[in-house]
Amino acid sequence: FKVAMVPFHFWCPDVYEGAPTPVTAFFSVGPKLLGFAVLLRFLLGGSALFYQHWMHLLGILAIATMVVGNLTALAQTNIKRLLAYSSIAHAGYALIGLVVNTTAGYISLFIYLATYIVMNLGAFAVVIAVSNQTKSDEIKDYAGLSANSPYLAALLSLFLISLAGIPPLAGFIGKFYIFSSALKEGFLYLAIAAAINSVIAAYYYFNIIRVMYLLPSSASAVRIKPSLALNLALVLSLLLVLAMGLYPKPVIDWVSTALAFPAP
């Protein structure tokens, strides 16, 4: 329920759209991180026989979560609902790390979550800035953002490209480790499903970029000036997305060290 895994995902889009955007930003990462930590603790406490019975079901749920999240995101016109369904799809990718059920799989899971948190919060920081000015979360109202607020358009583009898993940004590192752990343990079908879904996700992410750069803005559009707090959040997110993509070793070492401690 907390990770928004299919079939427990129905709450996610309505909560994302209805809540104030800063609250939505928290809901996009906080419950998901906690949920995966609980799932990992549950699996670590189970027997090998338990895992054998549940492994393939969890794999099917991972694929279903990716497919439902991405296909439904394609039809969204509200950016908060789109990011809600996107977060469901990302939960599907992350579930692969649990299905693999090895130390490498667990490491890949939390590397993925670390990169997801940074790039998703960065994207929501831009959404907050735009929403505060335009009082709208409709994707069509991002038309011409590159002309009116090139700084925000460039940052949102970068965060969306990272969410799509394109190098050399943080999202690529997260997906690389998830894919690698799946292939190493013979879960080819999961890697293929994740790759296909990544292509679908890239389409709706790049559609937002298309709207910002290729469509004209309305005559009433004004330059958006984020608050100091939002600017700090945007700069920090940008630096982390670039750092994790270009030099991920500190994050990898930190996750590996954290998982090396035995569970209580």
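Position in the sequence shown counted from 1, then plus 1118, gives you my numbering. Cβ coordinates follow ideal geometry from the N, Cα and C atoms, glycine included.
1) Is Asn1349 helix, strand or coil by DSSP?
2) Does the count of Cβ pairs from the segment 1151 to 1160 and the segment 1281 to 1288 closer than 8 Å reach three?
3) Measure from the alpha carbon of Tyr1203 to the alpha carbon of each residue in Gly1215, Tyr1211, Leu1189, then state which is nearest.
4) So what does Glu1303 bridge to, in DSSP terms?
5) How about Val1218 and Ser1335: are their beta carbons less than 8 Å apart?
6) Can you name the start and end residues of the alpha helix (DSSP H) that Gly1215 belongs to?
7) Look up Ile1370 in the DSSP assignment and say whether it is helix, strand or coil.
8) Taking 8 Å as the cut-off, decide whether the C-beta atoms of Tyr1230 and Tyr1307 are in contact.
9) How about Ala1257 and Pro1140: are their beta carbons less than 8 Å apart?
10) Out of curiosity, what's the CA-to-CA distance linking Leu1396 and Leu1192?
11) Evaluate contact between the segment 1249 to 1267 and the segment 1338 to 1354, counting only Cβ atoms and requiring at least three cross-stretch pairs below 8 Å.
12) Using beta-carbon positions only, say whether Ser1280 and Met1330 come within less than 8 Å of one another.
13) With C-beta atoms as the reference, is Ala1207 less than 8 Å away from Thr1183?
14) Got a sec? Which residues, its chain only, sit under 6 Å from Val1373 by beta carbon, not counting five neighbours each side?
15) What does the Cβ neighbour count give for Arg1328, buried or exposed, with the cut at 16 atoms within 10 Å?
16) Whose C-beta lies closer than 7 Å to the C-beta of Leu1348 among residues of the same chain, with five residues either side of it excluded?
17) Can you give the Cα-Cα distance for Leu1332 and Ala1261, rounded to whole angstroms?
18) Give the straight-line distance between the Cα atoms of Ala1309 and Ile1284, rounded to the nearest whole angstrom.
Taking the structure as given:
1) helix
2) no
3) Leu1189
4) Glu1303 is not bridged to any residue.
5) no
6) 1197 to 1218
7) When secondary structure is reduced to three states using DSSP, Ile1370 falls in the helix class.
8) no
9) The identity of residue 1257 in the sequence shown is Ile, whereas the question assumes Ala. The answer is no: Cβ separation not under 8 Å.
10) The chain is shown from 1119 up to 1382; residue 1396 falls before or after that span and cannot be answered.
11) yes
12) no
13) yes
14) Ile1225, Phe1228, Ile1229
15) exposed
16) Correct list, in chain order: Ala1243, Ile1246, Ala1247.
17) 8 Å
18) 16 Å
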